[in-house]
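Following the numbering used here, the numbering of the sequence shown begins with 1 at its first residue and continues without gaps. Read the structure below first, then the notes.
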Amino acid sequence: MQHPEFDRKQMEELMDRIVRKTMNMDLMWDWPCGVAYYGVSEAYEKTKKQEYFTLLKNRIDQLIDLGLPDRWTVNTCAMGHCLITLCQAGGEQKYYDLLMSKIEYLSGEALRFADHVLQHTVSAGNDFPEQAWCDTLFMAAFLMLRVGVMNGDESLINDALNQYYWHIKYLQNPGSGLWYHGYDHVNGDHMSGIYWGRANAWAAFTMAQVGRILPQCYLYPKYIDVAGSLDEQLAALKLLQTENGLWRTVLDDPESYEEVSASAGIAGAMLVRGNPLHTAYVHRAVKGILDNVSSEGKVMNVSGGTAVMKDREGYRQIPRAYIQGWGQGLVLALLSELYAL
């Protein structure tokens, strides 16, 4: 893939602004924080800028001192991503122990349904009985895979790949290649049946990472499903990119607004997958996304937290005026990939 051209100093300054703005947010121990700090972690991993690590470590220590949730959920497990960085760069046992408590929850306590699939959970209650959401791939399956590879735990790696395999079967439309937001196993349907932009970003971004981080990925049969699913999805997504280089909050709905977190996740997936035929789409996406970062480092036009809405009008009406951790984190993840080229 021909890589987007950029001024390295300007890129560093942009990442500085986004990281500082992100770390100034009052995020608590949940998925918005988890995605945001994944982005900060990636920025540190790619730049090795000590400021990023120090900001992250100090905030995690502060959150630990304030008190963590009484029990984990799929969403709160997203905080495990930054703990991997703290474990590997700082080496303190407390971060590893905390990380493994999340893995133990996902492996042994988290609600599951048919085919051993993780039910998406956002609280201690049974909020969405036997529902699979694309969000789970980022918050849990991707984390399980990373830790499985880090620890050489084949059982955990296979569990993670099983999550990808069945989320593909439940959520991807084999006709269009696009992903539905959610699947209700009780009723056997996709509820409102919407191709939500950020859902497709969760799927694409994390599937693109599998081949990168899993050694000898070709020896795992379920990886072939991941690669095939991703390639079909990206081929469909490229056709839905707007003239501004972005993707809409409902991908196939011209009346839906352009949404930046989804666009960053999809562009990041294309960049990591590295298909030369996607070069022009990545170029356009990067320009469109950078046009939506304020001088203070706020990523703009990011939709708020979104459940599986009743209809497409519900998705259209989700506000996008406010700063969101997932917007900051996904844009940082994309910029980190660009920086490392």
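Ideal Cβ positions, reconstructed from N, Cα and C, are used throughout, including at glycine. Predicted, not measured: the structure shown is a model, and the values here were computed from it.
Practice prompt. Keeping to the same chain, check which residues put their C-beta closer than 7 Å to that of G182; ignore five residues upstream and five downstream.
Written response: Q131, A132, W133, H190, M191 and V308
Discussion item. According to DSSP, simplified to helix, strand and coil, what is Y180?
Written reply: coil
Discussion item. Let me make sure I understand the geometry here. Which of L234, G211, A236 and T47 has the alpha-carbon closest to that of I224?
Written reply: G211
Worksheet item: How many Å lie between L251 and Y195 at the Cα?
Response: 6 Å
Worksheet item: Near Y105, what residues of its chain come up, given a Cβ to Cβ distance below 6 Å and the 5 sequence neighbours on each side ignored?
Response: W72
Worksheet entry | Boundaries of the alpha helix (DSSP H) in which A199 is found, first to last residue | G197 to I213
Worksheet item: Got a sec? Which residues, its chain only, sit under 6 Å from C217 by beta carbon, not counting five neighbours each side?
Response: G211 and Y223
Practice prompt. Going by DSSP, name the residue or residues bridged to I132.
Written response: Checking the sequence, you will find Ala at residue 132 rather than Ile. According to DSSP, which records beta bridges pairwise, A132 is partnered with Y183.
Item to complete: Consult DSSP for Q172 and reduce its assignment to one of helix, strand or coil.
Response: strand
Discussion item. Does T206 pass the burial test, meaning 16 or more other C-beta atoms within 10 Å, or should it be called exposed?
Written reply: buried
Practice prompt. Kindly list the residues whose CB is nearer than 6 Å to the CB of V226, restricted to its own chain and excluding five residues on each side of it in sequence; keep chain order.
Written response: Y164, M207 and V210
Worksheet entry | Within 8 Å, strictly: CB atoms of I318 and T249 | yes
Worksheet item: Is there contact between the stretch 295-310 and the stretch 251-267, where contact requires at least three CB pairs shorter than 8 Å?
Response: yes
Practice prompt. Quick one: measure Cβ to Cβ for W345 and L137, integer angstroms, because I've assumed they're closer than 8 Å.
Written response: The displayed coordinates of the chain run from 1 to 341. Any statement about residue 345 would go beyond what the structure contains.
Worksheet item: Which one or two residues does DSSP pair with W247 in a beta bridge?
Response: E259
Discussion item. Which residue wins for smallest C-alpha separation from E296, given the options S107, P276 and Q328?
Written reply: Q328
Worksheet item: Going by beta carbon distance, what residues of the same chain come within less than 6 Å of W166, once the five residues before and after it are set aside?
Response: D115 and V117
Discussion item. Rounding to the nearest angstrom, what Cα-Cα distance links G148 and S41 in this structure?
Written reply: 19 Å
Worksheet item: Is the Cβ-Cβ distance between L332 and A78 less than 8 Å?
Response: no
Fill in: Length of the line joining the Cα atoms of G314 and Y180
15 Å
Practice prompt. Take L214 as the anchor and find which of D231, A160 and N200 has the nearest alpha-carbon.
Written response: A160
Worksheet entry | Close Cβ partners of Y339 (< 6 Å) along its chain, the five nearest in sequence each way excluded | M11 and K46
Practice prompt. Tell me whether the beta-carbon of L237 lies closer than 8 Å to the beta-carbon of N187.
Written response: no
Worksheet item: Since I289 contacts A321 with CB under 8 Å, what's their CB separation in whole angstroms?
Response: Incorrect: roughly 18 Å between the Cβ atoms, too far for contact.
Worksheet item: Of all the options L234, L27, Q233 and P254, which has the alpha carbon lying nearest to the alpha carbon of E243?
Response: P254
Worksheet entry | Burial state of D135, where buried means 16 or more other Cβ atoms lie within 10 Å | buried
Worksheet entry | Local conformation of L118 per DSSP, three classes | strand
Discussion item. Looking at the strands, I want to know which residues DSSP matches up with D189.
Written reply: D184
Practice prompt. Report all residues from its chain with a CB closer than 6 Å to the CB of E232; omit the five preceding and five following residues, and keep chain order.
Written response: G177
Worksheet item: What separation, rounded to the nearest whole angstrom, lies between the Cα atoms of N58 and L145?
Response: 26 Å
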